[in-house]
Amino acid sequence: MQEFNINYKKHKYNLYSIKFSGDHYFIRTNLIAVLESHLALVEGDLYVEIARPEEDVNGLINQLNRVNSIANSMNVPKDFFEITFTCKRDDINNDLLWRLSELWFCFQHVSFVMVSKKGKFNFQNRLTWNKITDIVSCFVLFKGVEEDVVWIGKSDGLTFPYTF
């Protein structure tokens, strides 16, 4: 079961949320479907920012580090408190999407930035979704307080993959 909410006039309808009802597996598979549907609309890379782990993430981070483009861009402090990395477009596959969905439940803060064109985005400062979408044409999927709710913001020039 999914519940869409796009009544965000103050954000020019560039923000919506999806609330998933179901077990952990259902939420993960639906999160992957949401990622895939938005990735299909852009040509650029995927930027990931995660912070505040809620469990031991050493094994998961090591698995992600086996992907060359991620290993080359990963910024990991010793305490795993705040991690950023880039997934090159060609490296995004089902296995990687499954790992990214694991991050959703392992960290309190999760942001996936999917840029519309090839280029670079810099996570030097943690920015709000609408500041990111002002800087670069992109979709931003992020986690709020509830694990079963996916927030999705977009730049003005992009269109959501759903009709409401």
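In this note's numbering, the protein residues as written are 31 to 194. C-beta: ideal position from N, C-alpha, C; glycine also. Just so it is clear, the structure is predicted and the values come from calculations on it, not from any experiment.
Across which residues does DSSP place residue i in a beta bridge pair?
i, result
"residue 103", "Answer by DSSP bridge pairing: none, since residue 103 is not bridged."
"residue 79", "114 and 141"
"residue 183", "45 and 170"
On the DSSP letters alone, give me the boundaries of the beta strand (DSSP E) that residue i sits inside.
i, result
"residue 45", "45–50"
"residue 161", "Per DSSP, residue 161 belongs to no beta strand (DSSP E); it is in the alpha helix (DSSP H), 159–165."
Would you mind sorting residue i into buried or exposed? The rule is 16 or more other CB atoms within 10 Å of its CB.
i, result
"residue 78", "buried"
"residue 51", "exposed"
"residue 75", "buried"
"residue 83", "buried"
"residue 98", "exposed"
"residue 58", "buried"
"residue 128", "exposed"
"residue 173", "buried"
"residue 124", "exposed"
"residue 137", "buried"
Identify which residue in the options has its Cα closest to the Cα of residue i.
i, options, result
"residue 175", "42, 49 and 105", "49"
"residue 94", "46, 42, 115 and 57", "115"
"residue 185", "173, 162 and 89", "162"
"residue 89", "44, 139 and 132", "132"
"residue 108", "187, 130 and 91", "91"
"residue 73", "158, 181, 117 and 183", "117"
"residue 191", "100, 69 and 167", "69"
"residue 160", "182, 140 and 177", "182"
"residue 168", "188, 179, 140 and 134", "188"
May I ask which residues mark the beginning and end of the alpha helix (DSSP H) holding residue i?
i, result
"residue 58", "54–69"
"residue 188", "Per DSSP, residue 188 belongs to no alpha helix (DSSP H) and is neither H nor E."
"residue 89", "88–94"
Q: Give, in chain order, every unbroken run of the beta strand (DSSP E) that is at least 3 residues long and sits entirely within the segment 106–149.
A: 112–117 and 137–145
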